[in-house]
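Okay, structure first, notes after.
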Amino acid sequence: MNDQTENTGKAPSLWDVAKSVMAAMLGVQKSENYKRDFQHGKPWQYVFIGLIAVAIFIGTIVTVVKLVMSSAGL
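With the working numbering, letter number 60 in the sequence shown gets 60, and the count goes up by one each step, no holes.
Have a look at this one:
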C-alpha cells in the first residue's frame, strides 16, 4: 500500500514524525504530510524529535571538526 494514502487521515506514527522533522530541517515537505502534521500531530512529539535531531546534528559537526583538526595536526 502507499504510505502517503495510509497516513493522511490518522495521527502520524513516531517514524512519520521523524521524517517530518528531517524534512523540516532540509526545508522540504509534501503538502499531504504538512496537512497531516498540523491536523493530527501532537506538538510535543515534534519538539522531542526535533531536539534529538539537533543534538545529533551538533554532535556530528563537533566530531567532524575534531577529526579534521586532529588530522591537520592542530
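Positions of the beta carbon are idealized from the N, C-alpha and C atoms, including for glycine. All values reported here derive from a predicted model rather than from experimental measurement.
> When the Cα atoms are used, what is the spatial distance from V17 to N33?
Replying inline: For the purposes of this step, residue 17 is identified with residue 17 of the sequence shown, where counting begins at 1. For the purposes of this step, residue 33 is identified with residue 33 of the sequence shown, where counting begins at 1. Their backbone Cα atoms lie some 10 angstroms apart in a straight line.
> Under 8 angstroms, do S13 and D37 count as touching if we go by C-beta distance?
Replying inline: As a first step, residue 13 is located in the sequence shown; it is residue number 13 there, counting from the start. As a first step, residue 37 is located in the sequence shown; it is residue number 37 there, counting from the start. No.
> Going by beta carbon distance, what residues of the same chain come within less than 8 angstroms of F57, once the five residues before and after it are set aside?
Replying inline: The sequence position of residue 57 within the sequence shown is 57, counting from 1. Same-chain partners within the cutoff: M25.
> Is it right to say I61 is buried, meaning 16 or more other beta carbons lie within 10 angstroms of its own, or is it exposed?
Replying inline: Start at 1 with the first residue of the sequence shown, and residue 61 comes out as number 61. The C-beta of I61 has fewer than 16 other C-beta atoms within 10 Å across all chains shown, which makes the residue exposed.
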